[in-house]
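First the structure, in the form of structure tokens, and then the observations on it.
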Amino acid sequence: MIIVTLNWGALPVEQYLLQKWNPDSPLSTDEQRTKLVRAFIQEDVIGTEFDPSRTNGVMAHAPSQEEIALILEPWRSQKLRSIAAKHLEPGESGYGFYFLRTHYAGGEADDAKLMDWIESSRDEGLSSMDPDDEWWKILSDAEVFNVDDDEDWDDWRKVYDVLPELAAPGMKRSFTSPDISEVRQALEDRFGSAEAVEAGACEDDYEDAIMEMAAVGKWLIVLDKLAFETGELRLLFRDGKGNVVKECGIEVEELVELVNHCERRSLGDSGWFLGAGTGRRYGPKGRIMRELMQRVKEV
């Protein structure tokens, strides 16, 4: 594990918090911080004013000691900030996957089970997970990620409140005009022409093309209570803001095959993606799907 002591305010979300902070807000410190972190994830573009890495390390807002003590330091440890920084590195917003463990009630038995899964997968060729990277790609820390809730299927999303970089590592997260054009082109390639698309494409065809284009975020494998009890993990395909595009179950034994799909960048033809259930916001009545469907059809 490599813990780097970063200057406070060096990470984009920290700049966002500092610049958007309202000292007169009626919200508590924790409430205001959480609200701003969630707003940060929903931003379509993170400008250079929030990203010191694009301004030679110069911060638009260098935090005072009071701001550090009130806003930043109570929120995240240096270890978690180091993990966040790794998720922001160039190339980390593309193909690949992370593990997120949300269940810890099983104690040492589950700890050993997780290590067995990782070791067996590595022995079978889990080449894309370098052992030196496991400290930030395998998110397993009961003090930070223990959010498992039997009554909340989306409990894992609470992790975004402390690690928004897991949701939205890129500085551009929106569905762009070139993305829309690429969806149209994919449909035309499938049907043969624009005219054939207009004549023969159904809603499902549009939805499939949109979801394949939208699932640009790192795939997330959630290790929840059910995973430790049954050995079936949750595989989430996410968009640039951490929303679930599709999700399915995956057996531990299938992890090696998943790696092969990652390395070939063959998301669309994987059985997991094709057979996966649709995320709430990407269903036919979902807000994101409705917006994207309209944009694609207007091209």
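In our numbering, the protein residues as written are -4 to 294.
We put the CB at the ideal spot given by N, CA and C, even for glycine.
Predicted model, so just to flag it, every value in this text is computed and none were measured.
Asked: Identified DSSP bridge partners for K167; Found: V40
Asked: Extent of the continuous alpha helix (DSSP H) run through G266; Found: 266 to 270
Asked: V211 and G235 closer than 8 Å at C-beta; Found: yes
Asked: 6 Å CB neighbourhood of S265 in its chain, flanking five on each side removed; Found: H256
Asked: Whole-angstrom distance between D25 and K15, CA atom to CA atom; Found: 14 Å
Asked: The alpha helix (DSSP H) enclosing I78, as first and last residue numbers; Found: 73 to 82
Asked: Nearest-angstrom Cβ-Cβ length linking I36 and Y155, presumed shorter than 8 Å; Found: 6 Å
Asked: Test item: CB-CB of F45 and W214 under 8 Å; Found: no
Asked: Where the beta strand (DSSP E) through V294 begins and ends; Found: Run containing V294: none; DSSP gives neither H nor E here.
Asked: Residues near S122 in its chain [Cβ-Cβ closer than 6 Å; skip 5 each side]; Found: Interpretation of S122 is limited by its pLDDT of 49, a score under 50 that renders its predicted location unreliable; no figure is taken from the coordinates.
Asked: For W131, the three-state DSSP class (helix, strand or coil); Found: helix
Asked: P47 beta carbon less than 8 Å from that of A5; Found: yes
Asked: Within 8 Å, strictly: CB atoms of L221 and L95; Found: no
Asked: Coil, strand or helix - I245 by DSSP; Found: strand
Asked: Integer Cβ distance of V40 from M166, believed to fall under 8 Å; Found: 7 Å
Asked: Among L250, A64, D199, the one whose alpha carbon lies nearest that of E9; Found: A64
Asked: Any non-hydrogen atom of the ligand COA closer than 7 Å to E293 Cβ; Found: Ligands in the displayed structure: none, and consequently the ligand COA is not present.
Asked: Contact under 8 Å by Cβ, V178 with F186; Found: no
Asked: Spatial distance of E183 from T171 (CA atoms); Found: 19 Å
Asked: Delimiting residues of the beta strand (DSSP E) encompassing F45; Found: No beta strand (DSSP E) contains F45, which DSSP labels as neither H nor E.
Asked: With 16 other Cβ atoms within 10 Å as the buried cut-off, status of A162; Found: buried
Asked: M54, buried or exposed, once every other Cβ within 10 Å from all chains shown has been counted against 16; Found: buried
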